[in-house]
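Engineer: Numbering (my numbering), first residue to last: 44 to 173.
Where a beta carbon is used, it is the ideal one built from N, C-alpha and C, also for glycine.
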Amino acid sequence: MPKLPCRFKLRVNKRYYYWAYVFPTRKAMFQHYYAACKEYDLRRVHPNFRAIMHGWRVWKNGKLTGELGQILFDLSYFGAGIVSHEMTHAALNWAHQTRTKNEEKICWVQGELVRKFWKKHWKLGLDKIK
Numbered sequence: 044m045p046k047l048p049c050r051f052k053l054r055v056n057k058r059y060y061y062w063a064y065v066f067p068t069r070k071a072m073f074q075h076y077y078a079a080c081k082e083y084d085l086r087r088v089h090p091n092f093r094a095i096m097h098g099w100r101v102w103k104n105g106k107l108t109g110e111l112g113q114i115l116f117d118l119s120y121f122g123a124g125i126v127s128h129e130m131t132h133a134a135l136n137w138a139h140q141t142r143t144k145n146e147e148k149i150c151w152v153q154g155e156l157v158r159k160f161w162k163k164h165w166k167l168g169l170d171k172i173k
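(1) In this structure, does DSSP put residue 59 in helix, strand or coil?
(2) In angstroms with no decimal places, state the Cα-to-Cα distance between residue 96 and residue 73.
(3) If I measure Cβ to Cβ from residue 116 and keep anything under 6 Å in the same chain, skipping five residues before and after, which residues do I get?
(4) Determine contact between the stretch 126-135 and the stretch 68-82, defined as no fewer than three beta-carbon pairs at a distance below 8 Å.
(5) Look at the Cβ atom of residue 118, then the Cβ atom of residue 53, and state whether they are nearer than 7 Å.
(6) Am I right that residue 102 and residue 112 are in contact with their C-beta atoms under 8 Å? What's the rounded C-beta distance?
(7) Verify whether the separation of the beta carbon atoms of residue 58 and residue 109 is less than 7 Å.
(8) Helix or strand or just coil, what does DSSP make of residue 157?
Take a look at the structure:
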């Protein structure tokens, strides 16, 4: 059984990725969210979300890394619709960051993020947590 919260990397491709987090409670998710806002000096959104894609870019040694942000989920409000919704935000953020306008590429990225999320979800045994 995995220990929550759990974090794993969701790759868009070889260069770009998001950090995905699954929290046991909404309270735990918000504690992480507020800490990330402070660490990355990010604007907070209205604190009434049940999951969120939080985009950013990271500079390291004078170069942009492939890190695009984080996607936060709370197990008390979790399912296929929520995952698909947040991965759509992630795909659109990737498209914006890479200046991709090709609709088919954006749709492919969204589908791949959803597929990779669920593959990791099952591999980690998150489906067994009640």
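Structural biologist: Well, looking at it:
(1) coil
(2) 13 Å
(3) 65 and 94
(4) no
(5) no
(6) Actually they do not touch by this definition, with Cβ atoms about 14 Å apart.
(7) yes
(8) helix
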